[in-house]
Structure formats: structure tokens, C-alpha cells
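Data block below; observations after.
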Ligand SMILES: NC(=O)c1ccc[n+]([C@@H]2O[C@H](COP(=O)([O-])OP(=O)(O)OC[C@H]3O[C@@H](n4cnc5c(N)ncnc54)[C@H](O)[C@@H]3O)[C@@H](O)[C@H]2O)c1
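In the working numbering, the protein residues as written are 653 to 991.
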């Protein structure tokens, strides 16, 4: 059986992805600092799963021995978190992941997939695609560009490298994120009957469900290398490019609530619409879920207390807490602890 190593495997995408990768017939090694705690739940009991609480910046290359593929997710995972400490963001999101790819190749791993983001487009008019010039407006977006630039050239006949530029994700995950637009708006409806909308609501974003995102990774993992090697793909769907205010109204309707909203934040300077034709044509990727599906599943999970909207679910707030109160982000102490 083949083994896939997932960095950031206990995160929002990772803790959904690990189950999908197991389901596809692989064994899994998770490498994660567990900044948000141990969110792997039942999966951790699976004999095919190995979990390493380590930091990608100091990871020993030996962990890649016997690994067939790497999915590289570990990062400070959004624009505001990336701005808390720009140097640390570049150290993890760019240099850390560049190191993961280099070590993986040196240790005989055959495939490598890295999670980038459509946020590399920043603010642009028109419909963008993989050939459009990026316009990174934040450290987080810049780090994604840098990791694409450093890791794609490692592609050759022995090492298949693919970049997936994800739309903004939504949906339920064991490591829940209410700082993501659809999840946060759903929480607002559920808690107060009022949807928080980031000013001025006309900004465009492509969206994709977290379970569809996990499926996209597995499709790339199983694809013919001739199709995906050295390639960058947007990961999302053309019909899920949305403007934030009309999206809020759709979510209220899906939950059978009156549409009430309140503004927050400074006017969002990011806005982009993306074509996902390339991944659709090359791999047949087509999302199965919609924002309405996510609103309903999240509201139900809140109702049944399967998800609790505590500080850990707000990524930047939690990282602020770790950085300023505990200095945890820069410690090496967790290295080599096998859970
Ligand atoms: N969620 C989205 O909307 C979205 C969209 C596009 C791209 N992405 C990318 O997907 C990846 C995963 O995002 P997510 O939403 O699951 O974020 P997340 O914050 O939930 O997960 C990131 C995980 O990485 C771990 N981590 C952070 N720094 C680490 C380090 N130095 N060493 C080891 N582990 C470390 C954290 O503990 C966490 O479990 C990120 O690279 C992110 O930029 C996410």
C-alpha cells in the first residue's frame, strides 16, 4: 500500500483530507504542529495513520523514507494571520514548504502537491486563470507565489510536482474555521439572526467546499503524471464565483431566515473572479456541494453542539494568542514527539 505524508494534516482541510486519502486506499503520515489541538479524532485510531507532532521548518528528512507522495498544507493559513509576523509567515509558508519539497525529492518521494490560493490574484477585473499575472496584496499571498516559484521547478521525471490554487473554502471540518466567509456568515445567522458582511459586499470571491477540495487533492494524487506534472491548477468551479452581499442573502434563504446583515471591517481591497476550466478539462473536477449545503450542515452541527465556536475557530485570534501570550510559534520544543 502506498503512503501519503500530509503536512498540516490536522488543519481545516487536512482533517477532512486524511479521511479521503485513507478511503482512496493509501496509508497516511500526518505532520503537524497541532496549533489548533488534536483535531484528527477517530482517524488517529486507524492503524494506517501515523501522526508526527513536528514543525516543517525543522523536520528531519528521514520522515520521508518510504513515503510515495506528499500533500503540503502546513501554513499560517490566511491573510490576517500572515500579517501578524510577516517574517515568520515567509519562514513557514514559503521556506518551510520549499524545504519539505526539497527533502521529499532527496528521499525518493515520487509526487508532491502544494496548496496555494486564488488570493494570489489580489484585486483584478475580468476572469482570471493560471496564466494571469498574480497581484499579491498580502504577505500570505506573496508567500504562496514564492512557494509556487521555488517548488514547481523541482518537477522532473522522478518527481511529479503540482500546485493547486484553491478558491476560498467553506463547510464543516473537525478543525472548524469560522473566519472563512461562508462559515462565519452562517454562524452570524445562527447566533444572532444577523449576518456579518465584510465591507462593501461587492467584492468577488471563488468558493469551494472543503470536501470537494479534499477530492481535488485525491484526483491529482491518482492522475496520470503526464497530465499534472509541473502544472498549476485553480481548484474550484466557475459557477461558485460569488459577490459577498448576494451570497449572504442566499445563506439566509437556505436557512429559512429573514435577511438581516451588519457591516464589519475596512473595505476589502481583494476581489477576483476565476476560471476553473483547466482542472475541469484535465481531471473532470466538478464540485458536488454548494454554499447552501454548507450553511445547512453547519447550522445543524451548531444546533447539535458538534461544533463549538470558540477562539480556536478564529484563526488570526488564536495565532495572536499563541504568539503574544505564549511565544509558541517559534519554539522547537515539539519536535520529534510521536503521538
Ligand atoms: N481554507 C482556505 O480557504 C484555503 C484556501 C486556499 C488555500 N488554502 C491553503 O491550504 C492550506 C491549509 O489551510 P487550512 O484552511 O487547512 O488551514 P489551517 O490553519 O486549518 O491548517 C494549517 C495547519 O498547519 C499547521 N502548521 C502551521 N504551521 C506549521 C509548521 N510550521 N509546521 C507544522 N505544521 C504547521 C497548523 O497546526 C494547522 O493544523 C494552507 O496552506 C492554506 O494557505 C486554504
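Heads up, the beta-carbon is just placed ideally off N, CA and C, and yes, glycines get one too.
Top-ranked residue by Cα proximity to residue 723, from 692, 681, 884 | Position 71 of the chain shown, counting from 1, holds the residue named residue 723. Residue 723 has its Cα closest to that of 681, out of 692, 681, 884.
Would a check of beta-carbon distances place residue 900 closer than 9 Å to chain E?
-> Of the protein chains in this structure there is only one, and it is not chain E.
Starting from the C-beta of residue 988, find all residues in its chain whose C-beta is less than 6 Å away, skip the five residues before and the five after it, and write them out in chain order.
-> For this step, residue 988 is matched to residue 336 along the chain shown. Reliability of the predicted coordinates at residue 988 is poor, the pLDDT of 35 falling under 50, and the value obtained from them is presented with this limitation in mind. Around residue 988: no qualifying Cβ.
For residue 805, is the classification buried or exposed, using 16 other Cβ atoms within 10 angstroms of its Cβ as the cut-off for buried?
-> Indexing the chain shown from 1 puts residue 805 at position 153. By the neighbour-count rule (16 or more Cβ atoms within 10 Å), residue 805 is not buried but exposed.
Contact under 9 Å by Cβ, residue 849 with residue 914 | Locating residue 849 in the chain shown gives position 197, where the first residue counts as 1. Locating residue 914 in the chain shown gives position 262, where the first residue counts as 1. Yes, the Cβ-Cβ distance between residue 849 and residue 914 is below 9 Å.
Whole runs of the alpha helix (DSSP H) within the region 889 to 970, excluding any shorter than 4 residues | Within the region 889 to 970, the complete alpha helix (DSSP H) segments at least 4 residues long are 896 to 906, 929 to 935, 943 to 955, listed from N- to C-terminus.
Is it a yes or a no for the region 730 to 746 touching the region 871 to 888, going by three-plus beta-carbon pairs under 8 Å?
-> With a cut-off of 8 Å on Cβ pairs, the region 730 to 746 is not in contact with the region 871 to 888, counting fewer than three such pairs.
Regarding residue 893 and ligand 1, is the C-beta to nearest heavy atom distance less than 8 Å?
-> As a position in the chain shown, residue 893 is number 241, starting the count at 1. Judged by the Cβ position, residue 893 fails to qualify as a neighbour of ligand 1 at the 8 Å threshold, every heavy atom of the ligand being at least this far.
Have a look at residue 900 and residue 819 and give me their C-alpha separation to the nearest angstrom.
-> For the purposes of this step, residue 900 is taken as residue 248 along the chain shown, with counting starting at 1. For the purposes of this step, residue 819 is taken as residue 167 along the chain shown, with counting starting at 1. Pairing residue 900 with residue 819, the inter-Cα distance amounts to about 17 Å.
Taking DSSP as the reference, what is the three-state secondary structure of residue 847?
-> What you label residue 847 is simply residue 195 of the chain shown in a count that begins at 1. Here residue 847 carries a strand assignment [DSSP, helix/strand/coil].
Count the other CB atoms, across all protein chains shown, that sit within 10 Å of the CB of residue 971; report buried if there are 16 or more and exposed otherwise.
-> Here residue 971 is taken as the residue at index 319 of the chain shown, counted from 1. Residue 971 is buried by the Cβ-count criterion.
Evaluate residue 837 with the Cβ neighbour count: other Cβ atoms within 10 Å of its Cβ, from every protein chain shown; 16 or more gives buried, anything less gives exposed.
-> The residue labelled residue 837 in the question sits at position 185 within the chain shown. The residue is buried, with at least 16 neighbouring Cβ atoms inside 10 Å.
Would you kindly work out how many angstroms separate the C-alpha atoms of residue 771 and residue 790, rounded to a whole number?
-> As a position in the chain shown, residue 771 is number 119, starting the count at 1. As a position in the chain shown, residue 790 is number 138, starting the count at 1. CA-to-CA, the gap between residue 771 and residue 790 works out to about 9 Å.
Find the nearest neighbour of residue 762 within the set 807, 904, 916, judged by alpha-carbon distance.
-> Looking up residue 762 in the chain shown gives position 110. Restricting attention to 807, 904, 916, the CA atom closest to the CA of residue 762 is found in 807.
What's the C-alpha gap between residue 645 and residue 810?
-> Given that the chain is displayed from residue 653 to residue 991, the structure contains no residue 645 and the question cannot be resolved.
Could you please give the first and the last residue of the uninterrupted alpha helix (DSSP H) stretch that includes residue 859?
-> As a first step, residue 859 must be located in the chain shown, where it is residue number 207. Premise fails: residue 859 lies in the beta strand (DSSP E), 856 to 861, not in any alpha helix (DSSP H).
Inter-residue Cα distance where the pair is residue 954 and residue 847 = Translated into the one-based positions of the chain shown, residue 954 becomes position 302. Translated into the one-based positions of the chain shown, residue 847 becomes position 195. Roughly 16 Å separates the two Cα atoms.
Could you tell me how far apart the beta carbons of residue 817 and residue 768 are, in whole angstroms, since I believe they sit closer than 8 Å?
-> The residue labelled residue 817 in the question sits at position 165 within the chain shown. The residue labelled residue 768 in the question sits at position 116 within the chain shown. Contact between residue 817 and residue 768 holds, with the beta-carbon distance rounding to 5 Å and staying under 8 Å.
Starting from residue 883, follow the beta strand (DSSP E) in both directions and report where the run begins and ends.
-> As a first step, residue 883 must be located in the chain shown, where it is residue number 231. Secondary structure note for residue 883: its beta strand (DSSP E) is the uninterrupted segment 883 to 887.
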